[in-house]
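**Student:**
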Amino acid sequence: MSISTSVFPGPIRQNAYIVADLQADIGKWLSMGIGPWIVLPSFAQVESVYRGEATAPVVSIAFANSGELQIELIQQEDESPSIYKEFADAGGVGFHHVAFWSEDYDSTIARAQSVGWPVVHHGSGGGIAKFAYLDTGGFTSTVVEVMELNPTTTWMTTMVREAARGWDGSDPIRMIG
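Numbering (the numbering used here), first residue to last: 209 to 385.
#1: Can you tell me the Cβ-Cβ gap for residue 244 and residue 381, rounded? I've got them flagged as a contact below 8 Å.
#2: Counting Cβ pairs closer than 8 Å, one from the segment 249-265 and one from the segment 320-334, do we hit at least three?
#3: Can you check DSSP and say which residues form a bridge with residue 278?
#4: Please report the residue range of the beta strand (DSSP E) in which residue 355 lies.
#5: Measure the Cβ-Cβ separation of residue 337 and residue 356 and say whether it is below 7 Å.
#6: According to the neighbour-count rule (16 or more other Cβ atoms, all chains shown, within 10 Å of its Cβ), is residue 323 buried or exposed?
#7: Here's the rule: buried if 16 or more other CB atoms are within 10 angstroms of the residue's CB, otherwise exposed. What is residue 273?
#8: Between which two residues does the alpha helix (DSSP H) holding residue 295 run?
#9: Return the first residue and the last residue of the beta strand (DSSP E) that residue 245 is part of.
#10: Using CA coordinates, which residue listed in 259, 366, 304, 301 is at the minimum distance from residue 329?
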């Protein structure tokens, strides 16, 4: 199958990892000089759909940047069906997905579906921003995420990136939410 380079907008913006112990994994990344970590604890992904069924997984998420690339750590805290739980239940821990950020989310999803990549989990985070995980056949990662860039997500991604620029090691874990 020939895939157009224009299916996803721009470069990969994020690498994401499923972790069993968020604090321990943040510590590992800090030991490599990656930080500070912006942590959104116990966030319920309300208004989500996983493989056609409504769900609301509760996750703690941590973000940091290494240069322009954002690193995301995700720990699911409940038993709700999700793309994260599916990965963990299959014995997965570690690298889970790459993510693209789109100012035209609906068109990006339509292009991906037009080349045969189904959405397996999607939602809006309670109206914060649309996101979708696509099954691309596993050639880059378990799934590929597309996240809507809107004023809230643009603020968040900029804040995480700017926190990492010139970071001196102080205040390594910063809670939000």
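From the three backbone atoms N, C-alpha and C, an ideal C-beta is built for every residue, glycine too.
**Tutor:** In this structure, then:
#1: 7 Å
#2: yes
#3: 222, 273
#4: 351-356
#5: yes
#6: exposed
#7: buried
#8: 291-297
#9: 245-252
#10: 259
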